[in-house]
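The sequence shown lines up with residues 333 to 423 when you count with this note's numbering. Structure first, then comments.
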Amino acid sequence: MQAGRFISGALLAAGLVMVGCGGPVEEGLEGQELTSQEEALPNCNGLNYEYTYYSDATYTTVVGVRGCDCSYWAAWGKITSFREYVSGTCW
């Protein structure tokens, strides 16, 4: 049983060494800025919801918000495990 695990591990290691532990380097990425990327948010027409995030279990200090107000995205602050969810209807 242990010999089988050892052989399996050795074969896996040998396979990774032969493959090179990675793929080929893609050409053309040298000039691109990859530290940040900005993309348009998907449309949220017809949705009305909001997550409000609080600093602790007392739910007194708001530290962040995420949601959509019928067509406008809202996102600021930080996300915590202490949150409230509110939803409604768009008119």
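Cβ coordinates follow ideal geometry from the N, Cα and C atoms, glycine included.
- Cys376 carries a coil assignment under DSSP once its states are collapsed to helix, strand and coil.
- Around the beta carbon of Tyr385, a 10 Å sphere encloses 16 or more other beta carbons of the protein chains shown; the residue is thus reported as buried.
- Within the same chain, Cys376, Asn377 come within 7 Å of Ser403 by CB-CB distance, once the 5 residues on both sides are set aside.
- In its chain, beyond the 5 residues on either side, Tyr383, Ala407 have a beta carbon closer than 6 Å to the beta carbon of Arg398.
- In the three-state reduction of the DSSP assignment, Trp423 falls in the coil class, being assigned neither a helical nor a strand state.
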